[in-house]
Amino acid sequence: MMKTSKSKKMIAAAVLMMSLTFSGLASASATEMKMIKKDGMELVQLRQAAKMYGYSIMWDSKDRSVTLMYMDNMHDTMMEDDMKMKNDMMMRDDMMMEGAMMPAAKTIKVWVGSTKMMVDGMQVSSKSMPMIHEGNTYVTDMVISKYMMPMKAMK
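In case it helps, this note's numbering puts the sequence shown at residues 1077 to 1231.
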């Protein structure tokens, strides 16, 4: 059995992670987001959006809130390992990671029936209150576009 170097494992992990991300985005765009209309506003199913953008989702029945958390441990580990590598191949891989897409927020908490939200520990307001319809939480598309959608990672 051939011994694989750490850099080859990291490259394989990066390729796998990127292929899963792009295939997830492609399949998500092929599937329509579940939406409903209320008071003239379009509301998006929060669970579906969370899954599409890589967030874990947790419902708290006591305060009727939904907490979304984006986990990016693999990216942090890869960046630490990339700093240790000096060969050309890893330098190209590092440049590719700098252009990676990252979510606008890592933690989002919404309360059903309230316009207040917590985004990365800061309180913000939404135009419309999240609501439950047929057992699913729905939020304005602003929550998705402003706080969940990926944006280019900062250098």
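All residues carry an ideal CB built from backbone N, CA and C; glycine is no exception.
Being a predicted model, the structure only gives us computed values, none of them experimental.
Taking Val1186 as the reference, give the member of Gln1199, Met1227, Glu1118, Pro1226 with the closest Cα. Translated into the one-based positions of the sequence shown, residue 1186 becomes position 110. When only C-alpha atoms are compared, the closest one is Gln1199.
Please tell me whether Val1195 and Leu1122 are closer than 8 Å, where the distance is taken between their beta carbons. As a working note, residue 1195 is residue 119 in the sequence shown. As a working note, residue 1122 is residue 46 in the sequence shown. Leu1122 is positioned such that its CB atom lies no closer than 8 Å to that of Val1195.
If we require 3 or more residues per run, which beta strand (DSSP E) segments fall completely within the stretch 1118 to 1150? 1131 to 1136, 1141 to 1146
Give the DSSP-derived three-state secondary structure of Asp1157 in the structure shown. The sequence position of residue 1157 within the sequence shown is 81, counting from 1. Residue placement at Asp1157 is poorly supported in this model, since its pLDDT is 45, which falls under 50; the coordinates are not used for a value here.
Which same chain residues end up closer than 6 Å to Thr1191 when comparing Cβ atoms and leaving out the 5 residues on each side of it in sequence? Residue 1191 sits at position 115 when you count from the first residue of the sequence shown. Result list for Thr1191: Ser1201, Ser1202, Met1205, in chain order.
DSSP on Lys1222, reduced to helix/strand/coil? Here residue 1222 refers to the residue found at position 146 when the sequence shown is read from its first residue. Helix at Lys1222.
For Lys1182: DSSP bridge partner residues: If you number the sequence shown from 1, residue 1182 lands on position 106. DSSP lists no partner for Lys1182.
Less than 8 Å separating the beta-carbons of Met1178 and Met1227? Residue numbering aside, residue 1178 sits at position 102 when the sequence shown is read from its first letter. Residue numbering aside, residue 1227 sits at position 151 when the sequence shown is read from its first letter. Against a cut-off of 8 Å, the Cβ pair of Met1227 and Met1178 comes out as a contact.
Taking the beta strand (DSSP E) that Thr1213 falls in, what are its first and last residues? Residue mapping note: residue 1213 aligns to position 137 of the sequence shown, counting from 1. That run of the beta strand (DSSP E) goes 1212 to 1216.
Would the beta-carbon of Met1207 fall within 8 Å of that of Lys1110? Here the question's residue 1207 lines up with position 131 in the sequence shown. Here the question's residue 1110 lines up with position 34 in the sequence shown. Contact flag unset, no.
For Lys1222, collect the residues of the same chain with a Cβ closer than 8 Å to its Cβ; drop the 5 residues on either side in sequence, then sort them by chain order. As a working note, residue 1222 is residue 146 in the sequence shown. Correct list, in chain order: Ala1180.
Taking the alpha-carbon of Thr1183 as reference, which of Gly1189, Leu1144, Ala1125 has the nearest alpha-carbon? Within the sequence shown, residue 1183 is the residue found at index 107, counting from 1. When each option's Cα is compared against that of Thr1183, the closest is Leu1144.
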